[in-house]
Each structure stands twice: as structure tokens, then as C-alpha cells.
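**Student:** Note that the protein sequences, when read in sequence, are chains G and V. Numbered according to the numbering used here, the first sequence spans residues 1 to 112. Numbered according to the numbering used here, the second sequence spans residues 1 to 111.
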Amino acid sequence: EPEVTQTPSHQVTQMGQEVILRCVPISNHLYFYWYRQILGQKVEFLVSFYNNEISEKSEIFDDQFSVERPDGSNFTLKIRSTKLEDSAMYFCASNLGPTEQYFGPGTRLTVT
Amino acid sequence: KQEVTQIPAALSVPEGENLVLNCSFTDSAIYNLQWFRQDPGKGLTSLLLIQSSQREQTSGRLNASLDKSSGRSTLYIAASQPGDSATYLCAVGGGSYIPTFGRGTSLIVHP
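What follows is the structure in C-alpha cells.
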């Protein structure tokens with residue numbers, strides 16, 4: 001069964017450094033998403049991406065964040081200058097449209 | 001702004017019990033509602049998706065219902081098993097299909 005994959009599973013970085021989180025959505029899906037979950041808190045929407053552009057973004061998704069689909073398979077989330085409060089699980093998801101979303105296993109980002 | 005509340009926050013039951021998890025939302029103008037399972041430190045596994053025009057969905061021992069007018073959904077788990085132990089999340093999809101998540105119900109089923 002096709003699945004969303006994410007790499008790395010755990011990333012440790014120092015404050016101020018740039019990180020890139022990678023996702024491979026399900027191959028025939030058209031919509032791609034990033035979410036984050038701070039430990040013990042709700043899953044929060046960051047951004048959605050369709051047709052090679054951002055379609056929606058939350059207030060969390062400020063200028064420090066960017067997304068890219070550099071090729072036909074990868075979908076990346078870049079954080080330019082990480083802060084301590086960026087420490088969280090980051091989930092990628094994809095779907096065909098207004099249907100159920102399929103989530104990846106997540107990347108745990110730890111900023112020290 | 002959509003607010004999603006899940007009750008109870010935690011539940012511990014003996015194996016074999018039938019149980020009900022509740023989800024309520026403040027804005028009834030929803031597109032769909034999705035129930036997920038999350039194991040500790042892991043991703044989200046989709047369990048059931050209910051479109052706004054539907055009243056319920058079933059998959060195996062799981063049944064989810066939706067009452068848009070009252071802003072409620074329930075997830076019914078029949079004959080619970082220790083393997084059902086996880087956190088169950090309700091996510092309500094709005095006009096742009098972006099889901100708003102609840103905090104989840106942490107379920108422990110003990111043998």
C-alpha cells in the first residue's frame with residue numbers, strides 16, 4: 001500500500017541554523033501539507049501546496065518557513081533560522097483533493 | 001474560528017468493553033470530519049472519514065457518526081482490545097479542506 005515517507009526521522013540542530021525536512025507524498029496525490037505538533041499539544045496546520053504553489057497557510061507559517069517541490073516526488077519544508085520554539089514533530093500529508101489525508105510518520109525536530 | 005473539543009481527555013477500560021469517544025465543534029459549516037489514531041511518538045493513521053453529507057461510516061469494529069447541526073461526532077469502538085490503546089484525534093475540515101484538530105482522547109485498554 002502506498003504511503004507518505006519522511007526523512008530524517010529525527011533532526012537535532014542548533015538555534016539559528018537552517019533545516020530542511022523532506023517528504024515523499026503518495027505518487028498520484030495532488031495536494032500536499034505540512035503540520036506540526038509541539039509535545040503535548042494539538043496538531044496544527046502550517047501550509048498546503050497545490051499546483052506548485054502555496055494554496056493556504058496559517059499564521060504560524062511566517063517568513064522563516066518555506067516549502068518547495070523541487071522535483072516530481074519530493075516536498076520539502078525549510079526553516080531558515082530555527083528557534084527553540086520550533087522544536088516539534090513535523091508531519092507531511094497528501095491527498096487527491098477534498099478526501100482523507102494520508103500522513104507520514106513525522107520528523108522530530110529538536111532545536112538546542 | 002473553528003474550535004474542536006474532545007471528551008474525555010483520557011480513558012482507561014478493561015478489554016472487551018464497548019466505548020464511545022466524543023468530538024464537538026463550534027462551526028457547523030464543515031466539509032468533512034476525519035478520525036485518526038496516533039501511537040506514541042508516531043504519525044497519524046486515518047481511521048474513518050465522514051463527508052458533511054453523510055451521517056456515519058463504519059470500518060470493522062469502528063463506527064463514526066456525524067451530526068452537523070449539533071456540532072458533534074462520536075467514534076464507537078466495539079469489543080475493545082489492548083491493541084486499540086492509542087490517542088484518537090478528531091479533525092474537522094472546513095471550506096478550504098484544512099482540518100482543525102482536537103487535543104485527542106488517550107485510550108488505554110488493559111487486559
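Every residue, glycine too, gets a C-beta built ideally from N, C-alpha and C.
Step through the CB atoms of chain V and report whether any lies within less than 8 Å of the CB of G72 (chain G).
**Tutor:** no
**Student:** Does S48 (chain G) pass the burial test, meaning 16 or more other C-beta atoms within 10 Å, or should it be called exposed?
**Tutor:** buried
**Student:** Which residues of chain V have a Cβ atom closer than 7 Å to the Cβ of S48 (chain G), listed in chain order?
**Tutor:** Per Cβ cutoff of 7 Å: I98.
**Student:** Using the three-state DSSP reduction, which class does G93 (chain V) fall into: helix, strand or coil?
**Tutor:** strand
**Student:** According to DSSP, G10 (chain G) sits in a beta bridge with which residue or residues?
**Tutor:** Correcting the residue type first, residue 10 (chain G) is His in the shown sequence and not Gly. G:R108.
**Student:** Using only CA atoms, which one of V:S70, V:S65, V:S69, V:V92 lies nearest to I77 (chain V)?
**Tutor:** V:S65
**Student:** Kindly indicate which three-state DSSP category P82 (chain V) falls into: helix, strand or coil?
**Tutor:** helix
**Student:** If you count every other CB in all the chains shown that lies within 10 Å of the CB of R55 (chain V), and 16 or more means buried, which is it?
**Tutor:** exposed
**Student:** Please report the straight-line C-alpha distance between I20 (chain G) and Q64 (chain G), rounded to a whole angstrom.
**Tutor:** Roughly 12 Å between the two C-alpha positions.
**Student:** Do we get a CB-CB distance below 8 Å when we pair E56 (chain G) with the residues of chain V?
**Tutor:** yes
**Student:** First and last residue of the beta strand (DSSP E) that includes L49 (chain V)?
**Tutor:** Element bounds for L49 (chain V): 44-51.
**Student:** From the DSSP output, in three-state form, read off D86 (chain G) for me.
**Tutor:** In the three-state scheme derived from DSSP, where H, G and I count as helix and E and B as strand, D86 (chain G) is classed as helix.
**Student:** Is V20 (chain V) closer than 8 Å to T74 (chain V) when the C-beta atoms are compared?
**Tutor:** yes
**Student:** If you draw a straight line from the alpha carbon of M15 (chain G) to that of A88 (chain G), how long is it in whole angstroms?
**Tutor:** Approximately 14 Å, taken between the alpha carbons.
**Student:** Tell me which same chain residues have a C-beta within less than 7 Å of the C-beta of G97 (chain G), skipping the five on either side of it?
**Tutor:** L30, Y31
**Student:** Can you tell me whether F91 (chain G) is helix, strand or coil according to DSSP?
**Tutor:** strand
**Student:** In chain order, what residues of the same chain have a beta carbon less than 7 Å from the beta carbon of T116 (chain V), not counting five sequence neighbours either side?
**Tutor:** Lying before the first or after the last residue shown, residue 116 (chain V) is absent from chain V, which here runs from 1 to 111.
**Student:** Could you confirm whether any beta carbon from chain V is found closer than 8 Å to the beta carbon of V67 (chain G)?
**Tutor:** no
**Student:** With a 10 Å radius around its C-beta and 16 neighbouring C-beta atoms as the bar for buried, classify E15 (chain V) as buried or exposed.
**Tutor:** Exposed.
**Student:** Looking at chain G, is there any beta carbon in it that lies within less than 8 Å of the beta carbon of L49 (chain V)?
**Tutor:** yes
**Student:** Please name the residues in the segment 98-110 of chain G whose beta-carbon is closer than 8 Å to at least one beta-carbon of chain V, in chain order.
**Tutor:** P98, T99, E100, Q101, Y102, F103, G104, P105, G106, R108
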